[in-house]
Amino acid sequence: MMPAKNLVKMVVGNTLRSRRHFILSAFGIVIGIATFVLFLASTEQVGAVLERIFPVEEVEVVAPQVSLLGKDISKRLDDTLVQTIKTRPEAKRVLPRMSLQFPAYGDGTFNGSHLSLEIGGAADGIDPSYVVDDAALSAKEHEFFADVFKDWESDPTPRTACVPPGPKDPNPCPRTDRYYCDKVDRQCHHRVPVVLSPTMLELYNTQFAKSHGTPVIDQDFAKFIIQQGGMERMRFTLALGVSVFGSASAAGKSREVEATVIGISSKAKKIGMTVPLAYISRWNTEFVSRDAGKTYSSIVVTLAQREQLAVFAQWLQDKLDLRLEDSLGEKFATVVFVIRLVLVIISLVIIGISSINIAHNFFMQVTERRRELGLLRAVGATQTDVQLVVMGEAGLIGVIGGVLGILCGWLLSLAVDGLSNHYVPNFPFKPTTWFHFQWWILLGGLACATFFSVIGGYLPARKAARMQPAAALAAQ
Amino acid sequence: MADKAAPVIRLRDVTKSYGVGSAKTPVLRGVSFDVNPGELIALVGQSGSGKSTLLNIIGGLDTCDAGEVEVLGLDTRKATDAARAKMRNESIGFVFQAFNLLDHLTVLDNVTLPASFTPDAKDLETRGREALRRVGLADLAKRRPGELSGGQKQRVAIARALFGNPKLLLCDEPTGNLDSQTGKEVIDFFRELNAKDGVTLVIVTHERRVSSVAQRVIAMKDGMLVETTDEALAAGGGPA
Ligand SMILES: Nc1ncnc2c1ncn2[C@@H]1O[C@H](COP(=O)(O)OP(=O)(O)OP(=O)(O)O)[C@@H](O)[C@H]1O
Ligand SMILES: [Mg+2]
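Top to bottom, those sequences are chains A and B. Going by my numbering, the residue at position 296 of the first sequence is 296; the numbering climbs one at a time, nothing skipped. Position in the second sequence (first residue = 1) + 476 = my numbering.
1) Just verifying my parser: in three-state terms, what is the DSSP assignment at residue 273 (chain A)?
2) Which stretch, first to last residue, makes up the alpha helix (DSSP H) that contains residue 492 (chain B)?
3) Is residue 347 (chain A) a contact residue of ligand 2, with contact defined as CB to any heavy atom under 6 Å?
4) For the stretch 3–62 of chain A, list the beta strand (DSSP E) runs that are entirely contained and at least 3 residues long, ordered along the chain.
5) Using CA atoms only, rank isn't needed, just tell me which of A:465, A:381, A:295, A:35 is closest to residue 3 (chain A).
6) Going along the chain, which residues of the stretch 381–402 of chain A sit with their C-beta nearer than 9 Å to a C-beta in chain B?
7) Please tell me whether residue 470 (chain A) has its Cβ less than 7 Å away from any Cβ of chain B.
8) How would you call residue 626 (chain B), buried or exposed, if buried means at least 16 neighbouring beta carbons within 10 angstroms?
9) Where residue 612 (chain B) and residue 635 (chain B) are concerned, what is the direct C-alpha to C-alpha distance, given to the nearest angstrom?
10) With respect to 6 Å, is the separation between the Cβ of residue 471 (chain A) and the closest non-hydrogen atom of ligand 1 below this value?
11) Note down, in chain order, each residue of its chain lying with its Cβ closer than 6 Å to the Cβ of residue 297 (chain A), except the 5 sequence neighbours on either side.
12) I need the straight-line Cα distance from residue 73 (chain A) to residue 63 (chain A), nearest angstrom please.
13) As a quick exercise: from A:449, A:426, A:439, A:392, pick the residue whose alpha carbon is nearest that of residue 9 (chain A).
14) Under 8 Å, with one C-beta from each stretch per pair, do the stretch 506–515 of chain B and the stretch 599–613 of chain B reach the 3-pair mark?
15) With hydrogens ignored, establish whether the beta-carbon of residue 354 (chain A) is closer than 6 Å to any heavy atom of ligand 2.
16) Mind checking residue 140 (chain A): buried by the 16 CB within 10 Å criterion, or exposed?
17) Would a check of beta-carbon distances place residue 713 (chain B) closer than 7 Å to chain A?
18) Answer yes if the stretch 149–159 of chain A comes into contact with the stretch 174–193 of chain A, meaning at least three C-beta pairs across the two stretches below 8 Å, and no otherwise.
19) Looking at ligand 2, does it come within less than 6 Å of residue 687 (chain B), judged from the CB to the closest heavy atom?
20) Got a sec: is the Cβ-Cβ distance from residue 2 (chain A) to anything in chain B below 7 Å?
21) Hey, how far is the Cα of residue 716 (chain B) from the Cα of residue 685 (chain B)?
22) Quick check on DSSP: helix, strand or coil for residue 524 (chain B)?
23) In terms of residues, what are the limits of the beta strand (DSSP E) holding residue 188 (chain A)?
24) Name the chain B residues that come within less than 8 Å of residue 372 (chain A), Cβ to Cβ?
25) At what residue ranges does the stretch 276–320 of chain A contain a whole run of the beta strand (DSSP E), taking only runs of 3 or more?
26) Run the CB neighbour count on residue 114 (chain A), radius 10 Å, all protein chains shown included, and call it buried at 16 or more, exposed below.
27) To the nearest angstrom, how far is the alpha carbon of residue 538 (chain B) from that of residue 462 (chain A)?
28) Could you give the distance in angstroms between the alpha-carbon of residue 660 (chain B) and the alpha-carbon of residue 540 (chain B)?
29) Would the beta-carbon of residue 490 (chain B) fall within 7 Å of that of residue 536 (chain B)?
30) Could you say which of A:401, A:414, A:373 lies nearest to residue 468 (chain A) if we only look at CA atoms?
31) Once you ignore the five residues that flank residue 323 (chain A) on each side, which residues in its own chain have a CB closer than 7 Å to its CB?
32) So which residues of chain B does residue 421 (chain A) contact, with C-beta pairs closer than 9 Å?
33) Would you identify the three-state DSSP class for residue 696 (chain B), choosing helix, strand or coil?
34) Taking a Cβ distance cut-off of 9 Å, strictly less, list which residues of the stretch 557–575 of chain B are near chain A, in chain order.
35) List, in chain order, every chain A residue whose beta-carbon is nearer than 9 Å to that of residue 594 (chain B).
36) Would you kindly work out how many angstroms separate the C-alpha atoms of residue 522 (chain B) and residue 498 (chain B), rounded to a whole number?
Below, the structure written as structure tokens:
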């Protein structure tokens, strides 16, 4: 075989020689690879955004609704069930969730604007660790959440007595940003810590902030709170037992507590608010029944591996008569996967056609160049050398075509992002870019381009190598 | 008999035909001869008598159907493609009627082209320029073949054939495309090459001048060797 250095030199020289041949051969590869990387990068990004909104390995166990003669006889989700589920090897973490079972409404000046919201069906309690141990949190956020997001009512520190202030009076409690004076027991209580979902933040930013002209909040909520004057600015009153429509709870009881938004968590209920489980459990006991304080609305199970989903779901169904809440994450992941598959197949078809096109062009070219190839044989090229030279030329077209294709794909992605930022209105979770060019996508594009070009060059190269040098040299 | 050096070329009953079935036409019909080291052979004969075919078979650029072909000690029929390529690369130079220069390369790069297939080739530029100097074209190293006259082109082709210091030079009508004066210069060059450097040459030619400088004239007719008479020379050589 000829020395590799000489091979490369000859291949590069020959490729640069015929620009027309190069353009005709590389054109298809450029388009194919551009679509290839573009499709992969966009589905990568969309998949990532969706997975952020709907985590896949987290599932929610619910009891199917069953009623008999108008009476709800659905299976009760209680601590015994939680314990049973915990014995399963697939379940890495099992945390009950409880929703507020009586009317309530929130009322406050949130970031300067007066807001009044029905909370009844939209408040959830969850074990604080679920929010605090979120892997997505920065160290700083984690520290902050661990400090604040907990059941302050079980805090052993003795409470200070206070006189409930009038509407205009200042807060009599120490650390006014955190404590308020309860009107019933006349003691200073820590405000109920509330976390909101990024969905709520997006809704606020895209819907509310725009129409009310209030500042848009960025994802680093803690920073925002400090900018805006501390947690006190985020507080609101929770009227327990009272609906925003004025109707009281069945028992006719009502009382007010104060709450404060302490941050944004993707673990929070998508639409609504999330507080530590103990608060909801206590309020349900107080306003509904002891049973209600022990009945969960769902059980959040984090699977050790997402592949175990089917096994776990089957077990739930067979042994416990429970089912999994339809997991949107799973559905979206499947949809994105299928779309990605279809798009990749389309671009592979384009690349495949380009490969055939390359074969066609090279067949013509080796016929045109047979005198030259015959001469190479006469001065000492082996059949293998000729084969390598021609396949090398095809490969080089693939490499250059691949790089140009990636470049085209990238430029196109910039154009799409530019148009999207200009013309597509903001919506929750709208990403700043629709593409994520992972290194493996670029590498895959380049490898694909080279591979298919070399494949296209293979048969023409074999033909070139098998030509009888004497006949080739005699050609006109 | 005195110990003679092994022949550079040894042909025995070489046959070759083109085409298949009823279109099959024999081109070589049992050709046998030896060429000894340092000989200058003129291969003559009418057009279509099989001279080029024979020369290509000797150089391993074509294959024969039957017979024995031994060149520089290599049985070219049994040898691998790599072995034949190595022999062409290191020991044989070709000169064609049509020059066969690569137009996209400079004159110098055309001359050093054989080195592309030689492992560890060194001093390419120096050796290439030396080969060009030998054919009197030292000044044209950086030109392209398209800028040269026919005679200059053929001299570049000869420089390329000489680049690897071959033992055997196979020339197929090297003066066919040249005017008589230039042709004469080329012939003189070959004779000098044979006399000074001991290079063995086989020259296919129609020109009487070549046959006159040759130590031996091999004449062909219809794929067979014929008596090398003046008659045959006249028939093969055409008008002098
Ligand atoms: N590739 C080929 N296919 C079919 N026939 C061929 C081929 N090459 C040569 N021939 C035939 O073989 C015969 C010998 O051809 P060759 O080229 O060896 O003759 P030549 O003696 O060199 O003639 P010239 O003096 O015209 O060059 C001719 O009849 C030619 O038509
Ligand atoms: Mg001929």
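Note that beta-carbon positions come from the ideal geometry of N, C-alpha and C, so glycine has one too. It should be emphasised that the depicted structure is a prediction, and the values quoted were computed from it without experimental measurement.
On the basis of the data shown:
1) strand
2) Per DSSP, residue 492 (chain B) is not a residue of any alpha helix (DSSP H); the beta strand (DSSP E) it occupies stretches across 485–494.
3) no
4) 58–62
5) A:381
6) Correct list: 381, 382, 383, 384, 385.
7) yes
8) exposed
9) It is roughly 9 Å from the alpha-carbon of residue 612 (chain B) to the alpha-carbon of residue 635 (chain B).
10) yes
11) 97, 98, 99
12) A straight line joining the alpha-carbon of residue 73 (chain A) with that of residue 63 (chain A) spans about 10 Å.
13) A:392
14) no
15) no
16) Result: exposed.
17) Summary for residue 713 (chain B): the model assigns pLDDT 46, below 50, so the residue's position carries little reliability; its value from the coordinates is reported in the next sentence. It does not; no Cβ of chain A falls within 7 Å.
18) yes
19) Incorrect: residue 687 (chain B) has no Cβ contact closer than 6 Å to ligand 2.
20) yes
21) With a pLDDT of only 36 at residue 716 (chain B), under the threshold of 50, the placement of this residue in the model should not be trusted; the figure read from the coordinates follows. Distance between the alpha carbons of residue 716 (chain B) and residue 685 (chain B) is about 8 Å.
22) coil
23) 188–190
24) 578
25) 298–303
26) exposed
27) 18 Å
28) 33 Å
29) Contact flag unset, no.
30) A:373
31) Leaving aside the five residues that flank residue 323 (chain A) on each side, the residues in its chain whose CB is nearer than 7 Å to its CB run, in chain order, 62, 64, 316, 317.
32) Here the premise fails: no neighbours, minimum Cβ distance about 48 Å.
33) strand
34) 557, 558, 560, 561, 562, 563, 564, 565, 566, 568, 569, 570, 572, 574
35) 2, 3, 6, 380
36) 24 Å
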